[in-house]
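Here is the structure we will look at.
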Amino acid sequence: MNIVVCVKYVPDATADRQFEPDNTVDRVGVDGLLSELDEYAVEQALQLKEKREGEDIEVTALCVGPEKAVDAVRKALQMGADKGVHVVDDAIAGSDAIATSLVLAKAIEKVGPVDVVMCGMASTDASMSVVPAMLAERLGLPQVTHASVIETQGNQVRVKRDGDQATEVIGGTMPLVLSVTDQSGEARYPSFKGIMAAKKKPLETYSLADLGVDAGEVGLSVAWSAVEETTARPPRTAGEIVKDEDGSGATALTEFLASKKFI
Amino acid sequence: MSEVLVLVDHVDGAVKKPTFELLTIAARFGEPSAVFIGAAAQAAGAVEAVKKYGAAKVYVVDDTEIKGYLVAPKAEVLQQLVEKASPAAVLVPSSAHGKEIAARLAIKVSSGLITDAVDVQAGPDGAPVTTQSVFAGNYTVQAKVTKGTPIITVKPNAAAPVETEGAAAVEQFAATISAAAKSAQIVASQPRQASGRPELTEAAIVVSGGRGTGGNFEPVENFADALGAAVGASRAAVDSGWKPHTFQVGQTGKTVSPQLYVAAGISGAIQHRAGMQTSKTIVAINKDEEAPLFELVDFGVVGDLHTVLPAATEQIVARKG
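Going down the list, the sequences are from chains A and B.
Per the numbering used here: the first sequence ends with 263, consecutive numbering throughout.
Per the numbering used here: the second sequence ends with 1321, consecutive numbering throughout.
Shown next, in the form of C-alpha cells:
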C-alpha cells in the first residue's frame, strides 16, 4: 500500500510573519518549519502503517516549496516516513492553491499508484483548507476530510468527523484523499534513532519538467486570484485593566459592559 | 444584469442567517440567484425565506439522489449552473463544507477562488473585491479573482442582511450527478443537542472559557446566558475534554468576529488569538496579570473568574430586571 502525506513548509506562526513587496508570503525572512497541522497527517499515516503490521506499506512525504522547504520533508522522515519527495522550481513561487494542487497531483501520480493521500486539515499560513478537496477533484478520488478518528479494514475506510450539526461517520473506499484534524492525536517527536535513520532514507527532488507540468501553468503571474493590497493591523490601544478586590472587579465589568450598551 | 449564484446554507429547509448576508452581498454586483439543494418538500419554506432578502431567482435542486454524499455532488450541481447561467460570481458560505464545494468548483470551471472573505465590495470595474483577515488577524488583505467566474467563500457577519423583497422566481433544476461524485458518504450521523444559544460564528457576543475554568464552565455559561451570548472554549479546554471541539475558538477551531468577545481564564496563545483577534470589543478575566491576552483587551479584570463572573451575572440580570 502506498500512502502519500502532503506536508507544507510554512513561516513559524509564533514569529512575526510578513508579506513581500509583491504581496506574496515572506517564506525566506521568517524561520520556516513543517506546518503543525501537517504533523497530525504524518502521525496518522504512520499509525495506519503500524496498525497494519505485516503488510507492505510505504509512507512518502511530499512537499512543494522552495529550497528550504526540504526541512519539512526531513522532519517527516525523522518522524518515520519511508521516503521523501520535494518538488522545487523557481517557477512555482507565488502559486495559489489551485496551481499548488496541480503540482501536488502530478507529483502524487509520479510517486505511483497511491492508496491514500493524507493531508492536514489546513495550512497554518494561508489556512484556506481547500487543497485536499482540490486534490480529490484533480485525481478523481473520493474525499474524506476533517477526520478525528480513522479506521481501515482492507480497502475500506471509516472516519469520525465532528461537524457543527452532528458527529458523523463517513465511509469511503481506497484509493482516496483523507484529511485529519488536530483532534486526531498528538504527533510524535522524532527520536534520536529516527533522526539518524532519516539521513539514509531516499529523498528525491523533482522540477516541474520532471512532472510534465508547464511552468506557464503555475506561479504568481498566472495565479487565478491576486492579492492587491496587504495592510498590517494597527496595534490595539491598551485597554483598562482593573484588579478585583472584594467584588470590585464584577462591578467594574458590569459598568464597562453597560457603558458599551451590551446590557 | 448578470446573476450572482448564492449557495443556500440550510438545515432541513430552515435557511441560516449567513445565506441572507450572502444575498445582500450578491446584490452589489448582480442579481442574486439562490441555489437550494435539499428535499423538494422543504423547498417552499426556503424560497419564502430567501425571497425576503432579495433573491430574484431560486434554483431548486432535489437532493434525494445525492443526500449524504458530502460535497462532490454539490460541486457538480454548481458547475452545471455556472455553465448554464454564466454568473458574475458564485458566493458560498465559508464553512468547512462550503470551502470544499468551492474548491472543487474552482477546478471544474477553471476559475479563481478566494476563501474566508470578511467583506466583499464591487470594485471600480464592478467585479468583486474581497477583504480577508490573515496571519492570526495581524494583516488584512484585499484580493480579487483574475480568471473565470469569481468563486468566493464568505464568513458569517460579513454584511448586515438587508430585507428587500425579491421576485424569487422558482426554477426546478435537474442536475446530472456522476457516479464518481457518490464515492464517499455519511454512513452514520449523531445530531448535536441544541443548546438554545446562538451559533458561535454568528453570535454578536461570545463568552469563552479556558484552562482557568478548571473544567467548571457553569460561571461562563451563566454569564453568557445573561448576555444572550454564544459559548466558546480555548484549545486547552477542548484538549482537556471539558468541551467538544465544535466549541473551540482559534486557529484550528472557529474564527469569530463578534461585537463583544469575553475570554475567561484564557491566557491568549497565538492559536487562540488567531480565532478572536478581530472582535470589535475584547474583555478578559484572568487571575494571571501577565496573561498575554491582556495586551489585546479593551477591558480586563485581574481576578478569579469563579468569583467575578457569578457576581457580574447577578448584576447584569438585576439591571435587565
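For each residue, glycine too, the CB sits at the ideal point set by N, CA and C.
- Inclusion of B/TYR1059 and B/PHE1029 in the CB contact set at 8 Å is not warranted, their separation being larger than that value.
- Take the alpha-carbon of B/THR1115 and the one of B/GLN1172: they are about 29 Å apart.
- Between B/ILE1101 and B/LEU1081 the beta-carbon gap is near 12 Å, outside 8 Å, which marks them as no contact.
- Counted as a single uninterrupted DSSP element, the stretch harbouring B/GLU1163 is not any beta strand (DSSP E), since DSSP gives it neither H nor E.
- Contact between A/ARG138 and B/ILE1107 holds, with the beta-carbon distance rounding to 6 Å and staying under 8 Å.
- Taking one beta carbon from each stretch, the stretch 175-193 of chain A and the stretch 34-54 of chain A have 3 or more pairs nearer than 8 Å; the two touch.
- By the rule that beta-carbons nearer than 8 Å mark a contact, A/VAL10 does not touch chain B.
- The closest CA to that of B/ILE1282, considering only B/PRO1018, B/VAL1207, B/PRO1310, B/VAL1302, is found on B/VAL1207.
- Contact of B/ARG1192 with chain A is assigned, a C-beta pair being separated by under 8 Å.
- Under the three-state reduction of DSSP output, A/PHE192 falls in the helix class.
- Three or more Cβ pairs closer than 8 Å define a contact, and the stretch 48-67 of chain A meets that threshold against the stretch 78-94 of chain A.
- Short of 7 Å from the beta carbon of A/GLU36, and not among the five residues preceding or following it, lie these beta carbons of its own chain, in chain order: THR124.
- Taking C-beta atoms as the reference points, B/VAL1118 and B/SER1257 count as a pair closer than 8 Å.
- Judged by DSSP secondary structure, B/PHE1299 falls within the beta strand (DSSP E) whose first and last residues are 1299-1302.
- Closer than 8 Å to the CB of A/PHE192 there is not a single CB belonging to chain B.
- Scanning its chain for C-beta atoms nearer than 6 Å, with the 5 sequence neighbours on each side dropped, one finds around A/ALA69 the residues TYR9, CYS63, in chain order.
- Taking the Cβ atoms as the reference, B/SER1033 lies roughly 6 Å from B/ALA1056, within the contact range of under 8 Å.
- Your pair B/VAL1154 and B/VAL1120 checks out as a contact, with CB atoms roughly 6 Å apart and the cut at 8 Å.
- Near chain A, meaning a CB-to-CB distance below 7 Å, the residues of the stretch 1193-1207 of chain B are ILE1205.
- When A/ILE263, A/ASP162, A/THR251 are compared, the shortest CA-CA separation from B/GLY1300 is found for A/THR251.
- By the C-beta density criterion, A/LYS199 is exposed, having fewer than 16 other C-beta atoms within 10 angstroms.
- Under the DSSP assignment, B/ASN1222 falls in the alpha helix (DSSP H) whose first and last residues are 1218-1227.
- With 16 or more other CB atoms across the displayed protein chains lying within 10 angstroms of its CB, B/LYS1099 is buried.
- For A/GLY172, the chain B residues whose C-beta falls within less than 7 Å of its own C-beta are SER1183, ALA1184, listed in chain order.
- The beta carbon of A/LYS260 sits closer than 8 Å to some beta carbon of chain B.
- Taking the beta carbon of A/VAL144 as reference, the chain B residues within 7 Å of it are ALA1184, listed in sequence order.
- If you keep only unbroken alpha helix (DSSP H) runs of at least 4 residues inside the stretch 60-122 of chain A, you get 70-79, 97-111.
- Taking 8 Å as the threshold, the shortest C-beta distance from A/THR152 to chain B does not fall below it.
- A/SER148 and A/ARG158 have their C-alpha atoms some 11 Å from each other.
- For A/VAL42, no beta strand (DSSP E) encloses it; the enclosing alpha helix (DSSP H) starts and ends at 36-51.
- Any Cβ of chain B closer than 8 Å to the Cβ of A/LEU253 would place that residue at the interface, and such an atom is present.
- Put simply, the CB of A/LYS243 is near chain B, with a gap under 8 Å to one of its CB atoms.
- Under the 8 Å criterion on CB atoms, A/SER225 is classed as interfacial with respect to chain B.
- If you compare the alpha carbons of A/VAL222, A/GLU255, A/PRO142, A/GLY239 with that of B/SER1178, the shortest gap goes to A/PRO142.
- Here A/ALA232 is near B/ASN1138, since their CB atoms are less than 8 Å apart.
- When DSSP states are grouped into helix, strand and coil, B/ASP1062 belongs to the strand group.
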